[in-house]
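Q: For what it's worth, the numbering used here labels the leading residue of the sequence shown as 390, then goes sequentially.
Here a beta-carbon is modelled for each residue, glycine too, at the ideal position from N, C-alpha and C.
All figures in this text were calculated on a predicted structure; none of them were measured in a lab.
First the structure, then my questions, so here it is.
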Amino acid sequence: MMLLHCLRYYLSHHPSIVGFRWSHTQSWGSTWSFLFSSIAAYVAASSFIHLLLLLLFRHRRPLPLGPIPAAHSLCMALISATIFSGTFLSSAAEIHDTRWLWRRNRTTPFQWLLCFPLGTRPSGRVFFWSYIFYLSRFLHALRTFITIIRGRKLSFFKLFNNSILIFTSFLWLEFSQSFQVLAILLTTLVYSVVYGYRFWTEIGLQSACFPFVVNCQIVLLSCNVVCHFGVLLMHIIKGGCNGIGAWIFNSVLNGAILFLFLNFYVKMHFRGRKVRGGNGGDLVSAAVEKAANLELIKGRDI
Numbered sequence: 390m391m392l393l394h395c396l397r398y399y400l401s402h403h404p405s406i407v408g409f410r411w412s413h414t415q416s417w418g419s420t421w422s423f424l425f426s427s428i429a430a431y432v433a434a435s436s437f438i439h440l441l442l443l444l445l446f447r448h449r450r451p452l453p454l455g456p457i458p459a460a461h462s463l464c465m466a467l468i469s470a471t472i473f474s475g476t477f478l479s480s481a482a483e484i485h486d487t488r489w490l491w492r493r494n495r496t497t498p499f500q501w502l503l504c505f506p507l508g509t510r511p512s513g514r515v516f517f518w519s520y521i522f523y524l525s526r527f528l529h530a531l532r533t534f535i536t537i538i539r540g541r542k543l544s545f546f547k548l549f550n551n552s553i554l555i556f557t558s559f560l561w562l563e564f565s566q567s568f569q570v571l572a573i574l575l576t577t578l579v580y581s582v583v584y585g586y587r588f589w590t591e592i593g594l595q596s597a598c599f600p601f602v603v604n605c606q607i608v609l610l611s612c613n614v615v616c617h618f619g620v621l622l623m624h625i626i627k628g629g630c631n632g633i634g635a636w637i638f639n640s641v642l643n644g645a646i647l648f649l650f651l652n653f654y655v656k657m658h659f660r661g662r663k664v665r666g667g668n669g670g671d672l673v674s675a676a677v678e679k680a681a682n683l684e685l686i687k688g689r690d691i
């Protein structure tokens, strides 16, 4: 009980968390100039390293990185689990502290998770963890460099996906966008599982016999689509949700990511069917194709 009370204090009741306020002068990385310059630097650095390695190393054999990929996966799994726990406990604390106001406005906790009231400011517990989530996107983007150095593979999907993740998490804070609490909970829950699985495989333990990472991404995208429809419904019923303009822009970007991912998934699926059909259903060929797909999927970020 003492440990649980201590965790609850440091994850949702600490003065730094309760008194947090998103500010361009006090919060690191909170300006538009920093956002665009950091994304541009990320894309430029990724492209430069990719081209440099192609010039220096003509062969396609992977370059060893030692324990770095495993350490990165473990770090991301722990950070994601911490953000999930902090967001969950902070949301519960906010619901407890403001339940009297919600009863007057006939608002349920689930409605608040989907639709912030008009006039909501980016301050307090949940926005503190939204800020930590925003900062963690930069650490998440480091996996791109690991993939480039180890396998010299760079895809437009990877650059676009990571850049959009940074951009949308910035919009959540800048415009106090609705739905961000639920999005952070879903994303960090999936990330903690996926990066825990990646750490498991990086240290040499047996991987799953199915595309685990892709299936997790399908679950995350499906939940996001359902929640986006919920936000739209709440916006119509309640007469407005805070940050709806940023939410619309966010939805367009998420739609682009969904299209790119489905395009990749369909191509992978039909490639597997073509190989199996062309060899008369040969089990060895099917296994080789499946292994190739799994190796391709390991380089994909979610």
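Looking only at its own chain, which residues have a Cβ that is under 8 Å from the Cβ of Ile472, when we skip the five neighbours before and after it?
A: Trp518, Ile521, Phe522, Ser525, Ile573 and Thr577
Q: Opposite Ser512 in the DSSP bridges: which residues?
A: Arg410
Q: Going by beta carbon distance, what residues of the same chain come within less than 8 Å of Cys616, once the five residues before and after it are set aside?
A: Leu503, Phe568, Leu571, Ala572 and Leu575
Q: Taking the alpha helix (DSSP H) that Trp561 belongs to, which residues open and close that run?
A: Phe545 to Glu563
Q: Please classify Gly634 as buried or exposed, where buried requires at least 16 other C-beta atoms within 10 Å of its C-beta.
A: exposed
Q: Can you tell me which of the three DSSP states Asn639 falls into?
A: helix
Q: Alpha helix (DSSP H) containing Phe425: first to last residue?
A: Trp421 to Leu445
Q: When you compare only the Cα positions, how much space is there between Asn551 and Ala530?
A: 6 Å
Q: How long is the line joining the alpha carbons of Ser611 and Leu463, rounded to whole angstroms?
A: Taking the Cα positions, Ser611 is about 26 Å away from Leu463.
Q: Expressed to the nearest angstrom, what Euclidean distance is found between the alpha-carbon atoms of Glu483 and Val407?
A: Between Glu483 and Val407, the C-alpha separation is close to 10 Å.
Q: Determine the burial state of Ser401: buried for a count of at least 16 other Cβ atoms within 10 Å of its Cβ, exposed for fewer.
A: buried
Q: Please report the residue range of the alpha helix (DSSP H) in which His624 lies.
A: Phe601 to Lys627
Q: Only counting the same chain, and skipping five residues up and downstream in sequence, which positions put a Cβ closer than 7 Å to that of Ser509?
A: Checking the displayed sequence, the identity of residue 509 turns out to be Thr instead of Ser. Ser565 and Asn631.
Q: Closest by CA to Val602, which one among Ala645, Ala434 and Val583?
A: Val583
Q: So which of Val655, Lys627 and Phe527 has the shortest CA-CA distance to Thr497?
A: Lys627
Q: Decide if Leu594 is buried, meaning its Cβ has at least 16 other Cβ atoms within 10 Å, or exposed.
A: exposed
Q: Quick check: the Cα distance between Ala434 and Pro404, rounded to an integer number of angstroms?
A: 38 Å
Q: Mark Trp411 as exposed unless 16 or more other C-beta atoms lie within 10 angstroms of its C-beta, in which case mark it buried.
A: buried
Q: Taking Arg397 as part of the alpha helix (DSSP H), name the residues at either end of that continuous run.
A: Met391 to Arg397
Q: By how many angstroms is the C-alpha of Ile607 removed from the C-alpha of Pro600?
A: 11 Å
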